[in-house]
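Final position of the sequence shown in our numbering is 366; the numbers increase by one with none missing. Heads up: the structure comes next, in structure tokens.
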Amino acid sequence: MKSLTILAATIMLMLAASCAAPDKPAAQVHEEMNSVYYWKTVFRLDKADRAFIMRHRIRRIYLRMFDVSEDVCAQVAEERAVPNASVRIGDEEYRLLKDTLKAMEFVPVVYITLDALKTMEGQEAVIASHIVERTDNMCRYNGLPNVRELQLDCDWTASTETLFFRLCKAVKGDIARRKLPWKVSSTIRLHQLSRKAPPVDRGVLMAYNTGNFKDPDAANSIIDAADVEPYLKHLPSYPLHLDVAYPAYSWMLLFRNRQFIGLLDGLDLTDTEQFSSAGRKVFIAKKDIPYRNMIIRQGDMIRAETSSYRDISAVKALIEPRLAGHRHSSIIYHLDSQNLSKYSSHEIHHILSAADR
């Protein structure tokens with residue numbers, strides 16, 4: 010209880026300044042602040058998560074609410090894009106939202122798959138209404154405080170750009186119709202920097218998943234300065250306000266006959282009875298290995314990738330000069346104590362800091 014009281018007092022002090030400027034409605038303000046994504050299906054903060062929030066003055070949480078996926082069995086067009094994997098709020102966190110976390114700003118995020126996006130043609134307004142209504146209901150039911158923005162996350166491409174832009178406009182229109190005090194933002198992938206900006210109020214540049222994870226020869230598909238730099242020529246002139254999200258996660262990628270099979274986790278790749286090293290962060294299965302509901306076959310290749318502080322710093326050093334003069338937030342993807350424990354407090358401070366604040 011004592012730790013919760015300290016956390017509450019700390020966050021309240023950090024956010025006191027946000028109550029200034031009463032002549033400008035709070036819903037219209039987009040402050041630059043230390044932020045994190047939360048990308049799990051259950052919103053639950055352990056002791057380490059709470060300590061991280063307090064130590065690094067996290068004031069905004071981008072909370073994934075649900076995915077929009079394709080329902081291949083649906084008979085009606087407007088029902089082919091459906092919500093999936095909705096977040097659940099833990100009992101303790103539900104209480105914290107009304108007490109310790111009540112000063113935190115929450116940004117609900119809706120992830121839209123490309124398959125679902127393609128099914129929306131001609132139904133953008135209907136799907137937009139469903140997205141806004143569901144998000145609003147979930148925010149109200151769970152008591153999410155200080156919701157001032159809805160974020161759409163979609164890896165749209167040249168062929169689906171028009172569909173996504175229509176959806177963005179429809180979402181903005183539905184928010185206005187419901188008189189919700191929300192802005193609309195969108196994630197921006199590196200390859201999207203060369204395209205027109207979507208019709209939203211602001212964006213978050215995703216400085217992760219920078220390479221092709223399905224490429225068996227990629228050095229590090231999570232973050233690699235060599236992959237990032239060619240895209241950044243478009244950054245200084247990009248017409249949207251951009252915040253920047255940096256990765257703090259690891260994964261293992263399974264390849265069979267140089268074909269990507271899937272993502273793994275929890276394997277002990279240092280077990281020399283099961284795996285042999287085949288170079289930097291690359292391992293070969295020595296025998297068939299049962300893994301959950303599948304078998305890792307003898308000869309399969311596993312590449313272990315991580316977001317090292319060195320790689321993050323190298324990418325940040327490329328991005329910051331191109332955003333000089335543009336105040337922006339730095340965001341960590343995502344809040345997970347196991348992954349975040351691999352970084353020192355100094356390293357986290359540097360990742361979250363911006364050159365102009």
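C-beta atoms are modelled at their ideal positions from N, C-alpha and C, and glycine is treated no differently.
{"query": "Span separating the alpha-carbon of A18 from that of L361", "result": "Annotation note: pLDDT 46 at A18 (below 50); position unreliable, coordinate value reported separately. Taking the straight line joining both Cα atoms gives about 22 Å."}
{"query": "Exposed unless 16 or more other CB atoms sit within 10 angstroms - verdict on C82", "result": "exposed"}
{"query": "The region 322 to 342 contacting the region 208 to 226, beta-carbon criterion three pairs below 8 Å", "result": "yes"}
{"query": "Helix, strand or coil at L199 [DSSP, three-state]", "result": "helix"}
{"query": "Exposure label - E101; buried when at least 16 CB within 10 Å", "result": "exposed"}
{"query": "Supposed close pair R69, E130 - CB separation, criterion 8 Å", "result": "Their Cβ separation, rounded to whole angstroms, is 34 Å, which puts R69 and E130 out of contact at 8 Å."}
{"query": "Every unbroken alpha helix (DSSP H) within the region 95 to 122, with a cutoff of 4 residues, ordered by chain", "result": "100 to 106"}
{"query": "Among L54, N348, D80 and I121, nearest to W260 - alpha-carbon criterion", "result": "N348"}
{"query": "Within-8 Å CB hit, A216 to chain C", "result": "This model lacks chain C altogether, as it is built from one protein chain only."}
{"query": "Residue nearest to L159 in terms of C-alpha spacing, selected from H39, D124 and V291", "result": "H39"}
{"query": "Separation of Q268 from R331, as counted between CA atoms", "result": "37 Å"}
{"query": "contact_flag[the region 50 to 70, the region 120 to 130] where n(CB pairs < 8 Å) is 3 or more", "result": "no"}
{"query": "Cβ neighbour criterion (16 or more within 10 Å) applied to K107", "result": "exposed"}
{"query": "Which of helix, strand or coil DSSP assigns to P256", "result": "strand"}
{"query": "Whole-angstrom distance between T109 and I20, CA atom to CA atom", "result": "With a pLDDT of only 44 at I20, under 50, the local geometry of the prediction cannot be trusted, and the value read off the model is given with reservation. I20 and T109: Cα-Cα distance of roughly 8 Å."}
{"query": "Nearest to P248 (by Cα), restricted to the options N221, M42 and V209", "result": "V209"}
{"query": "Three-way DSSP call (helix, strand, coil) for N146 in this model", "result": "helix"}
{"query": "Residue closest to P92, alpha-carbon to alpha-carbon, out of V77, I98, G99 and V85", "result": "V77"}
{"query": "L126 (DSSP reduced to helix, strand or coil)", "result": "helix"}
{"query": "Sufficient close CB pairs (3 or more, under 8 Å) joining the region 193 to 209 to the region 152 to 168", "result": "yes"}
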